[in-house]
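Worksheet for the structure shown next.
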């Protein structure tokens, strides 16, 4: 089953200059809790933005570069069609970014974990919020990150 996890502003901003704009501890904790023990699919730029291979999770990186090298234990894909095969597996497999993968695979996802960051940021990479009409909200939890004071809304959607 393909799922997606993303943090976005109410206007759909998810990044700028190839990186996340924010590092909000409470959101990072949520990301870790939800993805722990699962397989994560990401684009090359998202992989390169990570501090390294995240423990306890399998990493799958999609890139057009046939010569791209990844650390041992990281799976490399070169064809978006290969990602669709994960729709058929029982366990939850997460698409974690970036913007191109979110747009391409949102229609193929069964479940979305969307964290709304309650602060305005300028960005150049966006999540297609208009596509959420194909999903229904199944849970919502509001929180405030103690370190930054930024409000967060952890929302889960399932395909209608």
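Residue numbers (my numbering): 121 to 280.
Glycine included, C-beta positions come from ideal geometry on N, C-alpha and C.
Please read all numbers here as calculations on a predicted model, not as lab measurements.
Nearest to residue i (by Cα), restricted to the options the options
i: residue 235; options: 139, 138 and 154; result: 154
i: residue 183; options: 213, 206, 217 and 246; result: 217
i: residue 178; options: 227, 161, 146 and 169; result: 161
i: residue 293; options: 133, 227, 167 and 146; result: Residue 293 lies beyond the stretch modelled for the chain, which goes from 121 to 280, so this question has no answer here.
i: residue 147; options: 259, 279 and 233; result: 233
i: residue 259; options: 265, 243, 276 and 269; result: 276
i: residue 264; options: 185, 145 and 163; result: 145
Burial state of residue i (16 or more Cβ within 10 Å)
i: residue 198; result: exposed
i: residue 254; result: exposed
i: residue 137; result: exposed
i: residue 170; result: exposed
i: residue 180; result: buried
i: residue 243; result: buried
Beta-carbon gap between residue i and residue j smaller than 8 Å
i: residue 213; j: residue 279; result: no
i: residue 203; j: residue 239; result: no
(request) Kindly confirm or deny that the segment 126 to 133 and the segment 201 to 213 touch, where touching means at least three C-beta pairs closer than 8 Å. (result) Verdict: no, contact absent.
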